[in-house]
Structure formats: C-alpha cells, structure tokens
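Participant: In this note's numbering, the protein residues as written are 2 to 449.
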Ligand SMILES: N#[N+]C[C@@H]1[C@@H](O)[C@H](O)[C@@H](O)[C@@H]2O[C@H]12
C-alpha cells in the first residue's frame, strides 16, 4: 500500500555529470578542460585521482541506459562536456562530440527515458580559463554560442534544460577556497565569477525563449537551510549572513532581479563587491520555468571573529553523518522548500540532486546492502512529500547519483551511486537502494 503518494505527473529521475562519469578525457577530439588540468596537478585531488577514465560512460553508455530501463527510471539528468563540443571553448566545432551526445539522447529516448541536460557542470574548456575563465566577459558570450548550438542540435529532443549547476560552488570552491578547479583563492574574483555566470545564465534563457523551443529551462542552485548555533544576536546575524552568502545572493538575483541589500553592503565594506549594472540584473532576472535545487544537508553556523571574510564558521555537530561528513538532516529539505515557496512566489521547483555517500561494501553474495542510503532517501522523500502537501510546487526529484563516480576533490573515495562501480573492471552492481528507488517510481510514492 502506497502511504505517501506523489502527484501523478511527478518526475522521478537520477543525475550525473560529464566529467564525473564519462572518462575518454582526450578521445574523439575533446579539448582539455579545467578539471583535466586541475587533476593533473599533484596534491589537488585525493590520491591524485582524475576523470581520465572515470566510469567510462563515454563507451558504456548503452549498457548503463539498459540499467536505467531495468530499474524503470524514466528521467535522466546529465551534463554536456563543453570541451567535447568546442575543443577550444568557441569557434571550431567537434562533430564527434555532437554525434556522441546525439547517440546518447537517442538511446535514452528509444528506452522511453526523458533527458534533462545541464549545459555547465563545472568543466570549463581550459582555453577559456587561459583567457581569464569566468572573470572574462568574452566567456559569457562563448557560453551563449555553445548553448545556441546545443539548442539547435538537441532543443527539439530535450524537454528540460539547466543552464548552470551550482554557481556558488563554481565561484566559492573554485575561486575563493581554491579546492576546486581552477584553484583560485580570491573572494573578489569569486564574486565576479558568480556575477558573470549569472549573466551567462540570463542570456541563455533569453536565447532559449527566442528559439520558440517547447521545453522548460532553469538553473540549479545548491541551497541549504541555515541554522544559528544559539539565539544570541551575533549567532543569529551570522546565520543571516551565511544565508545571504550561500542562498539569497543567487536566489534574489535570479528571481527578484537584485542582489540582497544587506550582502551588497557587507561585500562593499569588505571590498569584494563585484561591479554590475541595472541592465545586468535585468538579464539575470530573465524568467525561468523552474528552479533546480541540490539539497544535501543543513548548515549550523556561529559568529566567529577570526573567520575571514564573513566572521561566520560552521559547527561540526555530533549527529549522524554521511561519508562526506555532512549531517543527515532531512527536515532541512522541508524547511528549504517552504522558505522558497513563501519567499519566491511559489516558483516551480525540481530537486535536481539529493543523495548520500556511504562506504559501500560488496558482500560475499556480490550484493551491496545499502540500507543506510535507503534510510537517507526515505527520510528526505518524506520531507519532500510533506512540502508538497503544504503547497510547494515541487515537480520532480533527481537522485544523486545514478553511478558511483569521480567526487571532485575526494576522487573515487566517496560513493554516491545507487549503482556500484568497480573502477578496476568497470563492472556495475545494482545496489539495494536502486531496487528500493525503482519501487518508489513504480508506485509513484513511498510504501510503509
Ligand atoms: N559533493 N557532492 C555530491 C554532488 C557532486 O558530485 C555534484 O557534482 C554537485 O552537483 C553537488 O555537490 C553535489
């Protein structure tokens, strides 16, 4: 008996990204990207892992799609590798790259699986980084050129388009903390990068509208529910600042057409506020059809005099955690969804990522009994269900991730997949969580 039934047209899917699963990093005309470069530098990645081979999905995509079919998964979010299409980032087109993605899309459609494409999932062509990357306004235009070609090639086949994945991570982890490609550590540069990424987003949405395509387009943000460590004035202010830093800076720009005043004031005082015009904000505010959100955990923060630049630090609570060290806090998903619904005009929302890394073991029967992942997914889907019951326009859920894959700075040490990947043999083992999720999809809801 289905105890928690989701709306009839609810989208159930899984998600991946190009650099994390494709491999074939230098095959068939693909150009170098910033993650090829960043992973080639010793010390950047856990045990110097890289995505040169990854899950070899570039060659194994058909058998992987067969697994999606076997599990009854009817929606698949993946990203296109920009450097496979434009090896130099612009200009010369690599036809073999286009042919690969056409084969992939057609193979999905042949199995009744709807593609959702992310245009940018962090893998900037290195040639563009060499001219300043996202700090250079030319890259904004090159992104539009790349998107236009993708819309021309695949716009009639693909119903859901996501311009960018997690601009906060691209700007902060890649340009302020330096732990992601391209490894820059400068907050002023990071916020300039964030602004240009948002500009490129708005321009591409406007372009999509001009091409009279029939699908839906949006952006994916990594969002967290922010809690203050105590009710002290300083900690409450710290929570407001961190909410502005991680959530509101992007949400307000995209959905309200202006950066939040409190954060503009703070960034100006810190001399890290990027330059921007009213015209920029109009472009960024181009209407989107849905907001994609990636939710993994909440953030509990406190005032910290020594924490540059925001004087805010995160608490590491002694609560159940995933293998990433992230607190398991399903209620945060409900809080986030309700907050978005109330503060952003009830916009349609897709959960474009939610899932967990755990230290999966293949048992003596050759199975992966990942009850811990099932528990994580169950609890988060229950919160999503509660949010829908309370009026949130939640339209779908893409589980992260379909396959174990290259987990960025953590390399292959963290397994997020519902399908286990043996990287030595490229053998796939369907985990118990995949069969559980298959039942959720079949029942369009959760039993028990
Ligand atoms: N970490 N972690 C897991 C997952 C990452 O693998 C995705 O590529 C990102 O979109 C997002 O950060 C979430």
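Backbone N, C-alpha and C define an ideal beta-carbon position, used for all residues, glycine too. It should be emphasised that the depicted structure is a prediction, and the values quoted were computed from it without experimental measurement.
Is it the case that the Cβ atoms of residue 47 and residue 124 are separated by a distance below 7 Å?
Facilitator: Cβ atoms of residue 47 and residue 124: not closer than 7 Å.
Participant: Can you round the beta-carbon distance between residue 401 and residue 421 to whole angstroms, since I take them to be within the 8 Å contact cut?
Facilitator: In fact, because the Cβ distance is near 15 Å, the residues do not count as touching under 8 Å.
Participant: So, residue 288 versus residue 228, is the Cβ gap smaller than 7 Å?
Facilitator: No.
Participant: With a 10 Å radius around its C-beta and 16 neighbouring C-beta atoms as the bar for buried, classify residue 42 as buried or exposed.
Facilitator: Exposed, since its Cβ has fewer than 16 Cβ neighbours within 10 Å.
Participant: Which residues in the same chain have their Cβ closer than 6 Å to the Cβ of residue 188, if we skip the five residues on either side of it in sequence?
Facilitator: 177, 273 and 310, listed in sequence order.
Participant: I need the straight-line Cα distance from residue 154 to residue 140, nearest angstrom please.
Facilitator: For residue 154 and residue 140, the distance between alpha carbons rounds to 21 Å.
Participant: Classify residue 109: buried if its beta carbon has 16 or more other beta carbons within 10 angstroms, exposed otherwise.
Facilitator: Counting Cβ neighbours within 10 Å, residue 109 comes out buried, since at least 16 surround it.
Participant: Is it the case that the CB of residue 34 approaches a heavy atom of ligand 1 more closely than 6 Å?
Facilitator: No - ligand 1 has no heavy atom lying nearer than 6 Å to the Cβ of residue 34.
Participant: Contact defined as beta carbons within less than 8 Å: I believe residue 1 pairs with residue 13. What is the distance between those atoms, to the nearest angstrom?
Facilitator: Nothing about residue 1 can be read from this structure; the chain reaches only from 2 to 449.
Participant: Would you say the region 91-105 touches the region 148-168, given that touching needs at least three Cβ pairs under 8 Å?
Facilitator: Contact holds: three or more Cβ-Cβ distances are below 8 Å.
Participant: Residue 194 and residue 135 - do their beta-carbons sit closer together than 7 Å?
Facilitator: The answer is yes: Cβ separation under 7 Å.
Participant: Which of helix, strand or coil does DSSP assign to residue 155?
Facilitator: Three-state result, residue 155: helix.
Participant: Are the CB atoms of residue 357 and residue 374 nearer to each other than 7 Å?
Facilitator: In this structure, residue 374 lies closer than 7 Å to residue 357 by Cβ.
Participant: Anyone know if the C-beta pair for residue 294 and residue 389 falls short of 7 Å?
Facilitator: No; because the gap between Cβ atoms is not below 7 Å, this pair is not in contact.
Participant: Starting from residue 410, trace the alpha helix (DSSP H) in both directions and tell me its first and last residue.
Facilitator: First-last for residue 410: undefined, no H or E at that position.
Participant: Where does residue 246 fall in DSSP's three states?
Facilitator: Of the three classes helix, strand and coil, the one that applies to residue 246 here is helix, per DSSP.
Participant: Mind checking whether residue 247 and residue 327 have CB atoms under 7 Å apart?
Facilitator: Not a contact, by the Cβ cut-off of 7 Å.
Participant: With residue 427 as the anchor, note down where its alpha helix (DSSP H) starts and where it stops.
Facilitator: No alpha helix (DSSP H) holds residue 427; DSSP gives it neither H nor E.
Participant: Got a sec? Which residues, its chain only, sit under 7 Å from residue 106 by beta carbon, not counting five neighbours each side?
Facilitator: Once the five neighbours on either side are set aside, the close Cβ partners of residue 106 are 116, 155, 158 and 159.
Participant: Considering only residues of the same chain and omitting the five flanking positions on each side of residue 252, which have a CB-CB separation below 6 Å?
Facilitator: Excluding residues within five positions, none has a Cβ falling inside 6 Å.
Participant: Pick from 348, 238 and 24: whose alpha carbon is nearest that of residue 303?
Facilitator: Comparing Cα-Cα distances from residue 303 to each of 348, 238 and 24, the minimum goes to 238.
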